[in-house]
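Below is one structure, written out as structure tokens, with a few remarks after it.
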Amino acid sequence: MKKNVLIIGAGGVAKVVAHKCAQHNDELGRIAIASRNISKCQAIIESVKAKGSLKVPADIQAFSLDALDVEATKALIRETGSQIVINVGSAFLNMSVLRACIDTGVAYLDTAIHEEPGKICETPPWYGNYEWKHLEECQQKNVTAILGVGFDPGVVNAYAALAKQQHFDRIDSIDILDVNAGSHGKYFATNFDPEINFREFTGQVWSWQDSQWTSNTMFEVKRTDDLPVVGSQNLYLTGHDEVHSLSKNLQVPNVRFWMSFGEHYINVFTVLKNLGLLSEQPVKTAEGLEVVPLKVVKAVLPDPASLAPGYTGKTCIGDLVKGTKDGQPREVFIYNVADHEEAYAETDSQGISYTAGVPPVAAALLVARGEWDVQRMVNVEELAAEPFLKALDVMGLPTRIKDEHGDRPWDAAI
1 MKKNVLIIGA GGVAKVVAHK CAQHNDELGR IAIASRNISK CQAIIESVKA
51 KGSLKVPADI QAFSLDALDV EATKALIRET GSQIVINVGS AFLNMSVLRA
101 CIDTGVAYLD TAIHEEPGKI CETPPWYGNY EWKHLEECQQ KNVTAILGVG
151 FDPGVVNAYA ALAKQQHFDR IDSIDILDVN AGSHGKYFAT NFDPEINFRE
201 FTGQVWSWQD SQWTSNTMFE VKRTDDLPVV GSQNLYLTGH DEVHSLSKNL
251 QVPNVRFWMS FGEHYINVFT VLKNLGLLSE QPVKTAEGLE VVPLKVVKAV
301 LPDPASLAPG YTGKTCIGDL VKGTKDGQPR EVFIYNVADH EEAYAETDSQ
351 GISYTAGVPP VAAALLVARG EWDVQRMVNV EELAAEPFLK ALDVMGLPTR
401 IKDEHGDRPW DAAI
């Protein structure tokens, strides 16, 4: 049984992770938060205390850490006695933090695929370029490494596994639909790290179609869906992490990811891209100063964590799965709806951070209890879906299912 959690990162998602770990610290043990900016860690701790999130009295420690420094990360893991590391820092940190966890023998959880700063939308499968190269080592050293255990990737992977295990004999397609129908009131902002956000959209859009990788450009392929609670939404085909593992592990011929965008976002994004302001390659100013345009844009945009106060509306994220059951065609939508204002009331964070931050804590609880302490590297769809979804149900992210029998909680009797 593992306990004592080290949270790496101090953004909006890390704040949710800290609140949820605190709510379950009777099982998870000591909590530590580490980031290059220790003041952000301390602000999260103050938020946890102000909300009274700690289930049992305890101190939460803050540490300054450059998580690219493997030896420093290993030293901090040992100093804090942490047996579970939740990496919710930048995706640029994944391989360094994973290395530290493998070397110290502790459980590793993250919420996104590793990225290299100078590379965008690499040749698929992205997991195969980085994390999956350590599959054998984790197996040999009995290290539990759960990859992509946010919402998408993460919960949607569990939805896909649930569909395969309980609702279909054959799956023909999985379309992951991600809608944020909320409003933050800013002229322009991104709901998570602007640098990571824009990098997803400036290169090729890779999807898995007819059992092969297919390339499109951003905003090239559009669909409109009438979804529960949020209504009619325009969604665009987008490259995303979970497509890379689901296409391999579930052997489904079509796996696609779709995200909703308003016309205003598309217009501003297009202008920034056409001006070269979303480039990850450095340029020199007339004064000889070298800058990375994308980092400059990130610096002038609102911090995603600052969007939480006053954020209204809801999210709807789920899997639209099509295939056959008992020889008959079937369509099922497995999904969650989250509320920005409710997320802020509980954790001082907006709904996007909430949906990303709750799942890794649910996973950490399952690791602590031994149910998910599998002592190897896995993606979420390779694990038992039911205990994960049951944990999420009581932690603030209930799952619903919509099919020919109606719209209901996922585990309700038909």
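According to UniProt numbering, the sequence shown holds residues 1 to 414 in order.
Built from N, CA and C at the ideal position, the CB exists for glycine as well.
Item to check | Burial state of residue 326, where buried means 16 or more other Cβ atoms lie within 10 Å | outcome: Residue 326 is exposed by the Cβ-count criterion.
Checklist entry - Since residue 94 and residue 131 are thought to touch, with beta carbons under 8 Å apart, how far apart are those beta carbons, to the nearest angstrom? => result 7 Å
Checklist entry - Which whole-angstrom value is the C-beta distance of residue 108 and residue 160, which I expect to be below 8 Å? => result Going by Cβ atoms, the distance from residue 108 to residue 160 rounds to 22 Å, so no, they are not a contact pair.
Checklist entry - Should residue 347 be labelled buried (16 or more other beta-carbon atoms within 10 Å of its own) or exposed? => result buried
Checklist entry - In this structure, what does DSSP give as the bridge partners for residue 401? => result 334 and 408
Checklist entry - If you pair each beta-carbon of the region 325-339 with each one of the region 241-260, do three or more pairs fall below 8 Å? => result no
Checklist entry - Looking only at C-alpha atoms, which of 411, 151, 306 and 370 sits nearest to residue 12? => result 306
Checklist entry - Would DSSP call residue 258 helix, strand or coil? => result If DSSP states are grouped into helix, strand and coil, residue 258 belongs with the strands.
Checklist entry - Within this structure, are the beta carbons of residue 386 and residue 330 separated by less than 9 Å? => result no
Item to check | N-terminal and C-terminal residue of the beta strand (DSSP E) that residue 223 is part of | outcome: 222-227
Next on the checklist: Assuming residue 118 and residue 340 are in contact, meaning their beta carbons sit under 8 Å apart, how far apart are those beta carbons, in whole angstroms?
Outcome noted: Rounded to the nearest angstrom, the Cβ distance from residue 118 to residue 340 is 34 Å, too far for a contact under 8 Å.
Checklist entry - Buried or exposed: residue 218, going by 16 or more other Cβ atoms within 10 Å of its Cβ? => result buried
Checklist entry - Among the residues of its own chain, which have a CB less than 7 Å from the CB of residue 120, if the five just before and after it don't count? => result 199, 202, 203 and 280
Item to check | Cβ-Cβ separation, residue 302 to residue 189 (assumed contact under 8 Å), whole Å | outcome: Taking 8 Å as the upper bound for CB-CB distance, residue 189 and residue 302 are in contact here, some 4 Å apart.
Checklist entry - What is the rounded straight-line gap between the Cα of residue 388 and the Cα of residue 342? => result 22 Å
Checklist entry - The beta strand (DSSP E) spanning residue 108 covers which residue range? => result 107-110
Checklist entry - By a C-beta neighbour count over all protein chains shown, 10 Å radius and 16 as the cutoff for buried, is residue 264 buried or exposed? => result exposed
Next on the checklist: Report the CB separation of residue 359 from residue 150 in whole angstroms; it is logged as a contact under 8 Å.
Outcome noted: 6 Å
Next on the checklist: Please state the DSSP three-state secondary structure of residue 65.
Outcome noted: Of the three classes helix, strand and coil, the one that applies to residue 65 here is coil, per DSSP.
Checklist entry - Between which two residues does the beta strand (DSSP E) carrying residue 320 extend? => result It spans 314-325 - the beta strand (DSSP E) in which residue 320 sits, taken as one unbroken run.
Next on the checklist: Ignoring anything shorter than 4 residues, give me the alpha helix (DSSP H) runs that lie fully in the region 171-234, in order along the chain.
Outcome noted: 194-202
Checklist entry - If you follow the alpha helix (DSSP H) that residue 160 is part of, which residue opens it and which one closes it? => result 155-162
Next on the checklist: Does residue 345 pass the burial test, meaning 16 or more other C-beta atoms within 10 Å, or should it be called exposed?
Outcome noted: exposed
Next on the checklist: Between the alpha carbons of residue 114 and residue 39, how many angstroms are there, rounded?
Outcome noted: When rounded, the distance between both Cα atoms is 26 Å.
Checklist entry - If you draw a straight line from the alpha carbon of residue 10 to that of residue 169, how long is it in whole angstroms? => result 43 Å
Checklist entry - Looking at the unbroken alpha helix (DSSP H) that takes in residue 113, where does it start and where does it end? => result First-last for residue 113: undefined, no H or E at that position.
Next on the checklist: Can you list, in chain order, the residues of its chain with a C-beta nearer than 8 Å to that of residue 101? Leave out the 5 residues immediately preceding and following it.
Outcome noted: 77, 85, 107, 108, 143 and 145
Next on the checklist: Considering only DSSP beta bridges, list what residue 377 is partnered with.
Outcome noted: 145
Checklist entry - Which residues in the same chain have their Cβ closer than 6 Å to the Cβ of residue 255, if we skip the five residues on either side of it in sequence? => result Taking C-beta separations shorter than 6 Å and ignoring five residues to either side along the sequence, the partners of residue 255 in its chain run 174, 208, 243, 246 and 247, following chain order.
Checklist entry - Are residue 392 and residue 155 touching if we call contact CB-CB under 9 Å? => result yes
Checklist entry - Looking at the structure shown, is residue 283 part of a helix, part of a strand, or coil, going by DSSP? => result strand
Item to check | Same chain only: Cβ atoms within 6 Å of residue 374, ignoring 5 sequence neighbours per side | outcome: 144
Checklist entry - When the Cα of residue 2 is compared with those of 368, 376 and 269, which residue comes out closest? => result 368
Checklist entry - Does the Cβ of residue 233 have 16 or more other Cβ atoms within 10 Å, making it buried, or fewer, making it exposed? => result buried
Next on the checklist: Cutting at 7 Å between CB atoms, please list the residues of its own chain near residue 103, excluding the five before and the five after it.
Outcome noted: 74
Checklist entry - To which residues of the same chain is residue 424 closer than 8 Å at the C-beta, ignoring the five residues directly before and after it? => result This structure cannot speak to residue 424, because the chain is shown only from 1 to 414.
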